[in-house]
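Asks: A single structure is presented below for examination.
Residue numbers (the numbering used here): 12 to 424.
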């Protein structure tokens, strides 16, 4: 049987000028010694879009650098100790990694030695589908049997599943992430059993690596199958401290699918967390989220306008009050979360409220702190409280009271 071949005429990433220049530079230093590997080959065989183009080479890192410079390309030693040189061609980066084998691992990182053996390099990779190589002409090299996994889109560990996980426990999350993006149906039973058995090893990983992997997983078009398996196996509870609300997250995913929306990892996480500000603060700190990410989640669960958000589905005046308190981003997040959690459809379609929020222009509150100082207020908490009370009244009255009317109200009290 003739092995499959990737036709460069059908795959723009293979025939792109930048790709050809990089491969030609490497080939000039060692003819036939470099091949495409990993996600680009996997996705091309699965019929999925190809993003980054990674290359494996028999060249040592210093030889890769020399080959790139000789061709007028820019080599960047992004991971030279582990064999990775980023070769930049016309602004496009290519990760070029020397063939290698692991000589020591601790569950987070590895000590490697370089090799000329493609089979040795394949044996250190995580999944058989990620251990497929293709040369510049598209000929496929399959040292581990990954082609068998293309049709059923199943992720099977290379060799011993438990050993692969013990080399880097992040592979547990990568298993679920790849299944979320590319899988079909159930996990490979051996892979799933190993992931569940060794899940406590996730504690050894940095919070940043865990959060980055979880965000990628949640960005899949429909990750519900993978997230459900994570919940049922206790892996989600181990990461988050709760098993999460699959129902609310499923509602958000259904909204995305129904309206053709781009997946929003942060909103999906807020749905999965299914908690108030304290739970969100705890999770954000545990996963070492950025300040911007933490603020986005806090806005999504801010209780200060919860009643107004609920009433907004039947009363646009309530929507305006909530928008003033929360801002457009947090308001839209809360509207979507409430709609996703409802058993029965709300009176007003959430998409109308989302559009209303995006088009709404916030009116300017007419009273300033300076106005109150002119009335005799001293700068401090009392002035702030007076401004807050006036603004709350102004919002409740749908922004209609004028500056003079608000000042008169303050004097009357």
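Backbone N, C-alpha and C define an ideal beta-carbon position, used for all residues, glycine too.
From residue 71 to residue 29, what does the alpha carbon distance come to, in whole angstroms?
Replies: Here residue 71 corresponds to residue number 60 of the chain shown, with the count starting at 1. Here residue 29 corresponds to residue number 18 of the chain shown, with the count starting at 1. Taking the straight line from one Cα to the other gives about 21 Å.
Asks: Excluding the five sequence neighbours on either side, which residues of its own chain have a C-beta within less than 6 Å of the C-beta of residue 104, listed in chain order?
Replies: The residue given as residue 104 occupies position 93 in the chain shown. The answer, listed in chain order, is 97.
Asks: Within a Cβ cutoff of 7 Å, which residues of the same chain sit near residue 53, ignoring the five residues on either side of it in sequence?
Replies: One-based indexing of the chain shown puts residue 53 at position 42. Same-chain partners within the cutoff: 140, 141 and 143.
Asks: When the Cα atoms are used, what is the spatial distance from residue 2 to residue 305?
Replies: Nothing can be reported for residue 2, as the shown portion of the chain is limited to 12 through 424.
Asks: Cα separation between residue 277 and residue 364?
Replies: What you label residue 277 is simply residue 266 of the chain shown in a count that begins at 1. What you label residue 364 is simply residue 353 of the chain shown in a count that begins at 1. Rounded to whole angstroms, residue 277 to residue 364 spans 20 Å at the Cα level.
Asks: Would you be able to state if there are at least three C-beta pairs under 8 Å between the region 281 to 292 and the region 251 to 260?
Replies: yes
Asks: For residue 179, is the classification buried or exposed, using 16 other Cβ atoms within 10 angstroms of its Cβ as the cut-off for buried?
Replies: For the purposes of this step, residue 179 is identified with residue 168 of the chain shown, where counting begins at 1. Buried.
Asks: What are the partner residues of residue 191, as DSSP defines its beta bridges?
Replies: Position 180 of the chain shown, counted from the start, is the residue given in the question as residue 191. None, per the DSSP bridge assignment.
Asks: Looking only at DSSP bridge pairs, what is residue 107 linked to?
Replies: If you number the chain shown from 1, residue 107 lands on position 96. 66 and 96.
Asks: Quick one: is residue 135 buried, meaning 16 or more other Cβ sit within 10 Å of its Cβ, or exposed?
Replies: Along the chain shown, one-based indexing puts residue 135 at 124. Only buried fits residue 135, as 16 or more other CB atoms lie within 10 angstroms of its CB.
Asks: Does the region 156 to 176 come close enough to the region 193 to 204 that 3 or more CB-CB pairs lie under 8 Å?
Replies: yes
Asks: Compare the C-alpha of residue 340 against each of 311, 233 and 322 and name the closest.
Replies: Along the chain shown, read from residue 1 onward, the residue named residue 340 stands at position 329. Closest by alpha carbon: 311.
Asks: Of the choices 374, 368 and 397, whose alpha-carbon is the least far from that of residue 381?
Replies: As a position in the chain shown, residue 381 is number 370, starting the count at 1. The shortest Cα separation from residue 381 among 374, 368 and 397 belongs to 397.
Asks: So, for residue 241: in the same chain, excluding its five sequence neighbours on each side, which residues have a beta-carbon less than 7 Å away from its beta-carbon?
Replies: Counting from one through the chain shown, the residue named residue 241 turns up at place 230. So the list reads 187 and 247, once near-sequence residues are dropped.
Asks: Taking the alpha-carbon of residue 128 as reference, which of 46, 51 and 159 has the nearest alpha-carbon?
Replies: Working through the chain shown from its first residue, we reach residue 128 at position 117. Cα-wise, what sits closest to residue 128 is 46.
Asks: Under the three-state reduction of DSSP, which class applies to residue 89: helix, strand or coil?
Replies: Residue mapping note: residue 89 aligns to position 78 of the chain shown, counting from 1. The answer is strand: DSSP assigns residue 89 an E or B state.
Asks: Assuming the contact rule is C-beta atoms closer than 8 Å, residue 44 and residue 68 should be a hit. Round their C-beta distance to whole Å, please.
Replies: Translated into the one-based positions of the chain shown, residue 44 becomes position 33. Translated into the one-based positions of the chain shown, residue 68 becomes position 57. Contact flag correct, Cβ pair sits at about 6 Å.
Asks: Is it true that the CB of residue 260 sits closer than 7 Å to the CB of residue 290?
Replies: Position 279 of the chain shown, counted from the first residue, corresponds to residue 290. Position 249 of the chain shown, counted from the first residue, corresponds to residue 260. Contact flag unset, no.
Asks: Check whether the Cβ atoms of residue 66 and residue 107 sit closer than 7 Å, and answer yes or no.
Replies: For the purposes of this step, residue 66 is identified with residue 55 of the chain shown, where counting begins at 1. For the purposes of this step, residue 107 is identified with residue 96 of the chain shown, where counting begins at 1. Yes, Cβ-Cβ distance for residue 66 and residue 107 is below 7 Å.
Asks: Would you check if there are 3 or more beta carbon pairs closer than 8 Å linking the region 216 to 232 to the region 265 to 275?
Replies: yes
Asks: Would you list the residues sitting across from residue 279 in a DSSP beta bridge?
Replies: If you number the chain shown from 1, residue 279 lands on position 268. For residue 279, which the question treats as bridged, DSSP gives no partner whatsoever.
Asks: Return the residue from the list 328, 344, 333 and 319 that minimises the CA-CA distance to residue 308.
Replies: Locating residue 308 in the chain shown gives position 297, where the first residue counts as 1. If we check each option's Cα against that of residue 308, 344 comes out closest.
Asks: With DSSP collapsed to three states, give me the class of residue 166.
Replies: One-based indexing of the chain shown puts residue 166 at position 155. Reduced to three states, the DSSP call for residue 166 is coil.
Asks: Quick check: residue 176 and residue 205, are their CB atoms within less than 7 Å of each other?
Replies: Start at 1 with the first residue of the chain shown, and residue 176 comes out as number 165. Start at 1 with the first residue of the chain shown, and residue 205 comes out as number 194. Yes, the pair counts as a contact, with Cβ atoms nearer than the cut-off.
Asks: At the level of alpha carbons, what is the spacing between residue 439 and residue 221?
Replies: There is simply no residue 439 to check, as the chain begins at 12 and stops at 424 in what is shown.
Asks: Rank 149, 79, 209 and 374 by C-alpha distance to the C-alpha of residue 182 and give the top, closest one.
Replies: By 1-based counting over the chain shown, the position of residue 182 is 171. For residue 182, the nearest C-alpha among the options comes from 209.
Asks: Would you mind sorting residue 385 into buried or exposed? The rule is 16 or more other CB atoms within 10 Å of its CB.
Replies: Here residue 385 refers to the residue found at position 374 of the chain shown. In the assembly as shown, residue 385 is an exposed residue. Its beta-carbon has fewer than 16 other beta-carbons within 10 Å.
Asks: Are residue 60 and residue 76 closer than 7 Å when you measure CB to CB?
Replies: The residue labelled residue 60 in the question sits at position 49 within the chain shown. The residue labelled residue 76 in the question sits at position 65 within the chain shown. By the CB criterion at 7 Å, residue 60 and residue 76 fall outside the cutoff.
Asks: Along the chain, where does the alpha helix (DSSP H) that runs through residue 256 open and close?
Replies: Stepping through the chain shown from its first residue, residue 256 is reached at position 245. Counting along the chain, residue 256 falls outside any alpha helix (DSSP H), and DSSP gives it neither H nor E.
Asks: May I ask you to list the residues that DSSP assigns as paired with residue 138?
Replies: Here residue 138 refers to the residue found at position 127 when the chain shown is read from its first residue. DSSP output for residue 138 lists 168 as bridge partner(s).
Asks: Could you check what DSSP says for residue 378 in three-state terms: helix, strand or coil?
Replies: Position 367 of the chain shown, counted from the first residue, corresponds to residue 378. Residue state, collapsed to three classes: coil.
Asks: According to DSSP, which residues form a beta bridge with residue 144?
Replies: Along the chain shown, one-based indexing puts residue 144 at 133. DSSP, once it has assigned bridges, lists 48 and 152 as partnering residue 144.
Asks: Is DSSP giving residue 16 helix, strand or coil here?
Replies: As a working note, residue 16 is residue 5 in the chain shown. Strand, per DSSP.
Asks: Output the distance between the C-alpha atoms of residue 131 and residue 109, rounded to the nearest integer angstrom.
Replies: Counted from its first residue, the chain shown places residue 131 at position 120. Counted from its first residue, the chain shown places residue 109 at position 98. Going by the C-alpha atoms only, they are around 12 Å apart.
Asks: Taking the continuous alpha helix (DSSP H) assigned at residue 299, which residues delimit it?
Replies: Numbered from its first residue, the chain shown carries residue 299 at position 288. Per DSSP, residue 299 belongs to no alpha helix (DSSP H) and is neither H nor E.
Asks: Compare the beta carbon distance of residue 184 and residue 219 with 7 Å and say whether it is the shorter of the two.
Replies: Start at 1 with the first residue of the chain shown, and residue 184 comes out as number 173. Start at 1 with the first residue of the chain shown, and residue 219 comes out as number 208. No, Cβ-Cβ distance for residue 184 and residue 219 is not below 7 Å.
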